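Residue numbers for the sequence shown follow this note's numbering, beginning at 3 and rising by one. Notes follow the structure.
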Amino acid sequence: MFEKLFHLKDNNTNVKTEITAGITTFMTMAYILAVNPSILGEAGMDPTGVLLATCIASFIGTVCMAFMANMPFALSAGMGLNAFLTYTVVMGFGYTWQTALLAVFIEGIIFIILSLTNVREAIFNAIPLSLKHGVSVGIGLFIAFIGLQNAGLTVANSSTLVSIISFRDNFSTAGICALLAIVGTFLTGILYIRKVKGSILIGILGTWLLGILCQLTGIYTVDPESGYYSLLPTLAMTDFSKLGETFGQCFQVDFSAVSIFNFIVIIFSFLFVDLFDTLGTLIGVAAKADMLDEEGKLPRIRPALLADAIATTAGAVLGTSTTTTFVESSAGVAIGGKTGLTALTTAILFLLSMFFAPIFTAIPSFATAPALIIVGFLMFTNIAELRLTDDNYTTAIPAYLCIIAMPLFYSISEGISIGVISYVVINLICGKAKNINPVMYVLAVLFMLKYIFL
3 MFEKLFHLKD NNTNVKTEIT AGITTFMTMA YILAVNPSIL GEAGMDPTGV
53 LLATCIASFI GTVCMAFMAN MPFALSAGMG LNAFLTYTVV MGFGYTWQTA
103 LLAVFIEGII FIILSLTNVR EAIFNAIPLS LKHGVSVGIG LFIAFIGLQN
153 AGLTVANSST LVSIISFRDN FSTAGICALL AIVGTFLTGI LYIRKVKGSI
203 LIGILGTWLL GILCQLTGIY TVDPESGYYS LLPTLAMTDF SKLGETFGQC
253 FQVDFSAVSI FNFIVIIFSF LFVDLFDTLG TLIGVAAKAD MLDEEGKLPR
303 IRPALLADAI ATTAGAVLGT STTTTFVESS AGVAIGGKTG LTALTTAILF
353 LLSMFFAPIF TAIPSFATAP ALIIVGFLMF TNIAELRLTD DNYTTAIPAY
403 LCIIAMPLFY SISEGISIGV ISYVVINLIC GKAKNINPVM YVLAVLFMLK
453 YIFL
């Protein structure tokens, strides 16, 4: 049966290898089940509902990838995109999370349409490579900054805006949590360097376990009034009714409180980030799996993009942020995963994870913070792709402005806007208009209008 569905022999693989690869992929990306409810929970969403939505959306998207494209790629709620929803759209622009999910839903519909044509690839090709790398690096810094905040390491300061926490003040609560986050970051980093499978997930659970030990020994003090709760997990059944807290809420929007132009900007920002994240991941992981043709193209990229678009649309309805292809899929590919059977294995594991929702949602933020910091580093490594030489400054400077704008302005969309505008202006004035794709002019004008009228 598997041979008929996934053509294992044609791809020089077997059932054992594919299933092992699927389990490996799941282990490397299961951290999202702890991180996503934590991030979207700050937007006011029910954590259990978010986790259930994430599991089901991941299952749907990865199954589509398995059967439509026969590729070993797994999908789940994208890092950076969940942060954009919470910290920019909800906390920054002041929209409800229902409105943000509606933007994700519309983005998914647009992507389904674009994925049925060549438009998605055309848009991707219009954006200069330097900005693509800049967006990835900037999101990495933004995610890392959020991790530092969730760890309690970064605190507000009236004179310098931000500073490091004083470990001696409130050591039994804030201080020890920040210290445990540092230990967890070292632990996760070391495990990742040593290529331990599931290193990020192990880092989360290990940091949480250290916190539990601190509570049992009295080093950590439970203080609910200050927001420091018991770290001990509760053994309970998953409350599947919580899915009703998020399911279909993207259609419960008060449009009288929504600025249409700003809403369009939000949709475009989701589109932009998801577009490059997905295409970059597909091409990068496919290259490692030797799946690209002689021209460096991915033969089955259209059904893969369509699977991604379907997952995003379904995820928005279920109640989670943009669902996208994960770069962690490379872990399964590295040990031999080549077909949709790898993806199908990962999808089934995501579905089974719903029964462990109470465990994932009980993980404290200081334990998930190391994952954000290390994932931020992994995205930051794209900085090596930027050519920072004086003959390349017309592309390097816009990428740099894009990078620093995201964490310092606390907004992914602002970084994208500034990157696009600066690229067009600098290249135009420096006499390199030939480097500017016509689509970039349109995007730059739209972003300028946003700053003028909003």
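Glycine included, C-beta positions come from ideal geometry on N, C-alpha and C. Quantities reported herein were computed from a predicted structural model and do not represent experimental measurements.
Assigned secondary structure, residue i (DSSP; H/G/I helix, E/B strand, else coil)
{"i": "Ile420", "result": "helix"}
{"i": "Ala79", "result": "strand"}
{"i": "Ile414", "result": "helix"}
{"i": "Tyr457", "result": "Residue coverage of the chain in this structure runs from 3 to 456, which leaves residue 457 outside it and unanswerable."}
{"i": "Ile166", "result": "strand"}
{"i": "Ala316", "result": "helix"}
{"i": "Val139", "result": "helix"}
{"i": "Asp225", "result": "strand"}
{"i": "Val92", "result": "helix"}
{"i": "Thr341", "result": "coil"}
{"i": "Asn439", "result": "coil"}
{"i": "Ala259", "result": "helix"}
{"i": "Val157", "result": "strand"}
{"i": "Thr64", "result": "helix"}
Rounded straight-line distance, which links the Cα of residue j to that of residue i
{"i": "Leu212", "j": "Val198", "result": "19 Å"}
{"i": "Thr15", "j": "Leu77", "result": "22 Å"}
{"i": "Ile428", "j": "Asn439", "result": "14 Å"}
{"i": "Thr223", "j": "Pro235", "result": "16 Å"}
{"i": "Tyr443", "j": "Gly421", "result": "12 Å"}
{"i": "Ala105", "j": "Asn159", "result": "34 Å"}
{"i": "Ile62", "j": "Gly110", "result": "14 Å"}
{"i": "Asn2", "j": "Ala32", "result": "Here the chain has residues from 3 to 456 only, and residue 2 is not among them."}
{"i": "Leu448", "j": "Gly378", "result": "29 Å"}
{"i": "Arg170", "j": "Ile178", "result": "9 Å"}
{"i": "Asn264", "j": "Gly229", "result": "34 Å"}
{"i": "Cys225", "j": "Ile350", "result": "Residue 225 is actually Asp in this sequence, not Cys. Using only the alpha carbons, I get a separation of about 39 Å."}
Buried or exposed (CB count within 10 angstroms, at least 16 for buried), residue i
{"i": "Asn13", "result": "buried"}
{"i": "Ser161", "result": "exposed"}
{"i": "Ile262", "result": "exposed"}
{"i": "Cys432", "result": "exposed"}
{"i": "Asn72", "result": "buried"}
{"i": "Leu215", "result": "exposed"}
{"i": "Met239", "result": "exposed"}
{"i": "Glu20", "result": "buried"}
{"i": "Gln254", "result": "exposed"}
{"i": "Phe257", "result": "exposed"}
{"i": "Met381", "result": "buried"}
Sub-8 Å separation of residue i and residue j beta-carbons
{"i": "Thr325", "j": "Gly80", "result": "yes"}
{"i": "Pro372", "j": "Ala183", "result": "yes"}
{"i": "His9", "j": "Thr344", "result": "no"}
{"i": "Gly154", "j": "Ile167", "result": "yes"}
Using 8 Å as the Cβ pair cut-off and three pairs as the minimum, do the segment 38-46 and the segment 259-274 touch?
no
For the 8 Å Cβ check, are there 3 or more pairs between the segment 133-150 and the segment 392-404?
These segments touch.
Counting beta carbon pairs with one atom in the segment 402-417 and one in the segment 237-251, are three or more of them shorter than 8 Å?
no
Examine the Cβ distances between the segment 83-102 and the segment 384-398 and report whether three or more of them are shorter than 8 Å.
no
Would you call the segment 138-153 and the segment 350-358 in contact, with 3 or more CB pairs under 8 Å?
At 8 Å Cβ cutoff, the stretches do not touch.
Using 8 Å as the threshold, is the segment 175-195 in touch with the segment 359-368, meaning 3 or more CB pairs across them?
yes
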